[in-house]
Amino acid sequence: MSSPRVTGLTVATLGAAPAVCHHCVWWQRRGSSLRELDKRRWMERVEEGLGSFGTVYYGDDGRLVGLLQWGPAPLFPHAWELPAGPPSDDAMLVTCAYVTDPASPWVLQSLLLAAIGEARDRGAASIEAFAWRQAEAESAGDRFLHKTVFPLDFLGDFGFHTVRSQGRISLARLDLGGLVAVAEGRRERVLRVVKEAFLPDPLPAPRRP
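If you want the working numbering, it's the 1-based position in the sequence shown plus 106.
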């Protein structure tokens, strides 16, 4: 039996995730867009340019028990259409979480802590997420199994504060120690990867007769 471990979400590690995560592009596509988006191609381009695009948690039996998708906010254009948006251009945005065991909500805590540490290491100025004020009677399973919008009190425990609210939805932000003076050219690199991630695949070269 192995020890629990946390590692990056990549094309390789996504294979062990729940099937619903394999092809979902809800965050990567604007709601009004009719253009198909190849998620695998998107992942490959992001991974090649920036590295992992989230965090996964493996239990002591080696099975994946939770994942958290996150990355530079411009990678997730749907966030600009949500209430309380848009996110900050310079933020790492936490977009969704999936925990396979409703009896283990602490897995999400470990994933978020790992994401905060990784975002800080990458020189991000902040990490943001969309949040909502949940019902008091909501169970742990309802709160943490599959989330794209997180309980506001859960994020508050990590030091997130509300940037703006619309109805019950808020945009929450955690400033990462004022790490604004990052390596020169990092913003340009992120923008390049964002553009490449959404480019259509090149057409095959015509065959010569």
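Beta carbons: idealized from backbone N, C-alpha and C, even for Gly. The structure displayed is predicted, hence computed values, not measured ones.
Under 8 Å between C-beta atoms of residue i and residue j
| i | j | result |
| --- | --- | --- |
| VAL131 | GLY172 | no |
| GLU234 | PRO193 | yes |
| ILE222 | LEU156 | no |
| LEU170 | ALA123 | yes |
Alpha-carbon spacing of residue i relative to residue j, whole angstroms
| i | j | result |
| --- | --- | --- |
| THR119 | PRO211 | 21 Å |
| GLY283 | GLY265 | 12 Å |
| PRO189 | SER271 | 8 Å |
| LEU219 | ARG111 | 13 Å |
| VAL152 | SER158 | 8 Å |
| ARG135 | LYS145 | 10 Å |
| ASP263 | THR254 | 18 Å |
| ARG239 | SER216 | 22 Å |
| SER232 | ALA278 | 10 Å |
| HIS267 | LEU174 | 20 Å |
Contact test: residue i Cβ vs the ligand GDP heavy atom, cutoff 7 Å
| i | result |
| --- | --- |
| LYS253 | As presented, the structure is devoid of all ligands, the ligand GDP included, so that no description of it is given. |
Beta-carbon contacts of residue i that lie in its chain and below 7 Å, excluding the five residues immediately before and after
| i | result |
| --- | --- |
| HIS128 | LEU120 |
| PHE182 | TRP133, GLN134, LEU199, THR201 |
Same chain, Cβ closer than 8 Å to residue i, five either side skipped, listed in chain order
| i | result |
| --- | --- |
| HIS184 | TRP132, TRP133, GLN134, ARG135, ARG136, GLY137 |
Cβ-based neighbour list, residue i, same chain, cut-off 6 Å, excluding 5 preceding and 5 following
| i | result |
| --- | --- |
| LEU251 | VAL205, PRO208 |
| GLY177 | PHE159 |
| VAL286 | Any reading at VAL286 is ruled out, since the residue's pLDDT is 43, under 50, leaving its predicted position unreliable. |
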